[in-house]
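Student: The structure under discussion is supplied below as structure tokens; questions concerning it will follow.
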Amino acid sequence: MEFTDLLAVLALSILAGVMIVWYYYWRRRMLWLMHSIVKTLEEVFKPVDKNYVLLGYLVGFKSEYKLDSTGAKRIYARLLLLPHYSLLYYPIARLLTSKVDRLDILVKEPGLKLRRMHVVKRGWLRLLKQDDLSVEGLKSEVFEHGGVEYYVYYEDGRDRDILVSLVKNHSGYLRVSSIPEENAILITMKAEPENIVQAAKDLVALKRSFRD
């Protein structure tokens, strides 16, 4: 075996060893995060019934929570994780897809009279469909906070101030939307347990603002 071949084998052996260590380290971290997200969701929203669908091993999950015995009040959550466990694929996934682990929380509650509004962090406009932005009478503007631009869309001037306040008080949000035709409020955030706790408080405040 030539010296260059020996070096190549040695390099591949080292890389394989690093990849194994990397995989098991991130596998443990990702399982811990999934468990923490589930635990926090259930502690915060206290569902009377729940259902989970695993999207794939170390990929994430979808869940549905009934908040009352009638099932009228519901919360839907979706966790999408980056492939941290793959040393080679992870950088590509960060470049081509989302750059963070993402959690969506969608609240549906009958009786709410919602006004259409959205705020989206720069780089995440793809979360909004064109139909969301082409509504007649929808105003838009851009503001900056912490060196990051946000796009805000609203019908009522009061909602503009509410949305700006939300992202200024909590930088973990990627998107906040009120969707009248679905009678739903959606918050997309970095998948961190503390963001769920804050989102629960902000959802209460948002629902209260629609009653004013």
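Mapped onto the numbering used here, the consecutive letters of the sequence shown carry residue numbers 24 to 235. For each residue, glycine too, the CB sits at the ideal point set by N, CA and C.
In the DSSP output, which residue or residues are listed as bridge partners for His58?
Tutor: Beta-bridge pairing links His58 to no other residue.
Student: Find the nearest neighbour of Tyr176 within the set Val143, His193, Asn218 and Val190, judged by alpha-carbon distance.
Tutor: Val143
Student: If you draw a straight line from the alpha carbon of Leu126 to that of Ala214, how long is it in whole angstroms?
Tutor: 5 Å
Student: Pick out whichever of Lys230, His58, Gly134 and Lys96 has its Cα sitting closest to the Cα of Pro216.
Tutor: His58
Student: Mind checking whether Tyr99 and Leu81 have CB atoms under 8 Å apart?
Tutor: no
Student: Distance check for Asp184 and Ala116, CA to CA, integer angstroms please.
Tutor: The alpha-carbon of Ala116 is positioned some 35 Å away from that of Asp184.
Student: Excluding the 5 residues flanking Tyr46 on each side, which residues of the same chain have their C-beta closer than 8 Å to its C-beta?
Tutor: So the qualifying residues of the chain are Tyr108, Ser109 and Leu110.
Student: Are there three or more Cβ pairs, one per stretch, closer than 8 Å when the region 187-206 is compared with the region 154-172?
Tutor: yes
Student: According to DSSP, is Val41 helix, strand or coil?
Tutor: helix
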